[in-house]
Amino acid sequence: MNELINKLDTAILSGRALHAYLLTGTDPDMTDAAARNAAALILYARRDTDRLANDPDYMEYGGAVSISDFRDIIRPEIYRETYGKRGRVVVFRLANLLSPMVQNAMLKVLEEPPENTYFLLTGNEYGILPTIRSRCMIIRCGVTEQSEIVALLVEKGASYEEAAKYASMSGGITARAIRLYEDEGFRELREGAVAAFISALRAAPDYKWTKLKRERTDWMEANEMLLLLCHDLMRLSCGMSEEYCPDLRNELKKMSSTFTIGEIGCIIDKLKDNALRLSTNASGGAAFDRLFSELGEIGLAHKTAAKTK
């Protein structure tokens, strides 16, 4: 188990649990299991997850919750009196799939949480509003601390500045950081994907990708790095600082001042759709051509709307 998950368990057992946690990672089974283990520790002081299914103080939902269900069913349940003395636990699996409307409604609950109620969210953090993330303690499962990656890259011969840059770009994935440092072709793939991404959002998409021959894992990595870029774009739009793309600070600041949070959410949805295509047998290059075509449509709509203001 991840060291941060162990610290979460220790905090719960010592009575120091916070009211909201976001458990993220590349393996949804791991994050879901960690959330249920934490819920059992809160409610029973042991990892007795089999009891959760029949416990009225345990609530678990997936990412397909509608705004009407949240307002009419889930929210009243969250605020009702608990049956037991240890409180209530509410789990939202794949919270990144919740619509912006549902996330905003959830935000109001997190801002004024009921007493003795704990929220455990799981999912890809890039699809979760920064305002939600800022109210949660983030536990990144299976992710290495940035300082550890920096130290590793320095050992491999990188300067501290290089190590810090590639550690930030990696999103906490050690193997990705090493490739960014050692593999010029991998760096060029990121640079090309970023340039095409920005060009598409300026309504000038580039359709050269089908001709490129790369491994499927490379295409998936490129998509993940664009999600990191969108994560920073969303943070900047909410008045926060960038986290993963310091090399793109100026460009992202310009974009964040014009694109709305709703538009950025649509961009993230397109990247998530592309990740799904890449997980099948679709051609990586063709998938990226389609992605940049869709982003070009968003860019054109944004450009047209800006002219009418």
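Letter 188 of the sequence shown, counting from 1, is numbered 188 in the numbering used here, and no numbers are missing.
Virtual Cβ for every residue (Gly too), placed ideally from N, Cα, C.
C-alpha distance - residue i paired with residue j, whole-angstrom precision
i: M240; j: A45; result: 36 Å
i: G284; j: C266; result: 21 Å
i: M169; j: N281; result: 27 Å
i: M1; j: M30; result: The predicted model places M1 with a pLDDT of 47, which falls under 50 and marks its position as unreliable; any figure quoted below should be read in that light. The alpha-carbon atoms of M1 and M30 are separated by roughly 9 Å.
i: K320; j: R187; result: Nothing about residue 320 can be read from this structure; the chain reaches only from 1 to 309.
i: D27; j: M220; result: 15 Å
i: D313; j: V109; result: No statement about residue 313 is possible, as the shown extent of the chain runs from 1 to 309 and does not include it.
i: D289; j: L201; result: 14 Å
i: K156; j: K7; result: 30 Å
i: C245; j: E161; result: 14 Å
i: S257; j: G296; result: 18 Å
Status (buried if at least 16 other CB within 10 Å, exposed otherwise) for residue i
i: E294; result: buried
i: I173; result: buried
i: S147; result: exposed
i: L13; result: exposed
i: A64; result: exposed
i: S311; result: The chain is shown only over 1 to 309; residue 311 falls outside these bounds and no answer can be derived.
i: I298; result: buried
i: R88; result: buried
i: R133; result: buried
i: D72; result: exposed
i: N274; result: buried
Residue from the options with nearest C-alpha to residue i
i: I67; options: S134, R133, M225 and P100; result: P100
i: K211; options: E184, R277 and A286; result: A286
i: A305; options: Y61, E242, H19 and T260; result: T260
i: D9; options: K108, A35, Y83 and R51; result: A35
i: L41; options: S159, T308 and I5; result: I5
i: N54; options: E125, Y244, Y83 and R277; result: Y83
i: A193; options: K108, A163 and C230; result: C230
i: E263; options: Y79, R277 and L300; result: L300
i: Y79; options: P113, V102 and L201; result: P113
i: E125; options: T144, D32 and L228; result: L228
i: T117; options: T144, K85 and R133; result: K85
i: T144; options: R176, N250 and D289; result: R176
i: L248; options: L18, A33, A17 and Y166; result: Y166
i: E224; options: K208, K253 and G171; result: G171
i: L98; options: N274, E191, K208 and D269; result: D269
i: E251; options: T217, E184 and S199; result: S199
Within 7 Å, strictly: CB atoms of residue i and residue j
i: I138; j: L22; result: yes
i: P115; j: V91; result: It is worth fixing the name first, because residue 115 is Glu in this sequence and not Pro. Against a cut-off of 7 Å, the Cβ pair of V91 and E115 comes out as no contact.
i: I128; j: N96; result: yes
i: G62; j: L107; result: no
i: C136; j: G25; result: no
i: A222; j: L271; result: no
i: L226; j: F197; result: yes
i: F310; j: P205; result: Only positions 1 to 309 of the chain appear in this structure, which leaves residue 310 out of reach.
i: M255; j: P130; result: no
i: A203; j: K303; result: yes
i: D232; j: E215; result: no
i: A11; j: A20; result: no
i: A158; j: Y181; result: yes
i: R51; j: N37; result: no
Quiz item: Given 8 Å as the limit, is there contact between the stretch 119-138 and the stretch 151-161, that is, 3 or more CB pairs closer than that?
Solution: The stretch 119-138 and the stretch 151-161 do not touch, with fewer than 3 CB-CB distances between them shorter than 8 Å.
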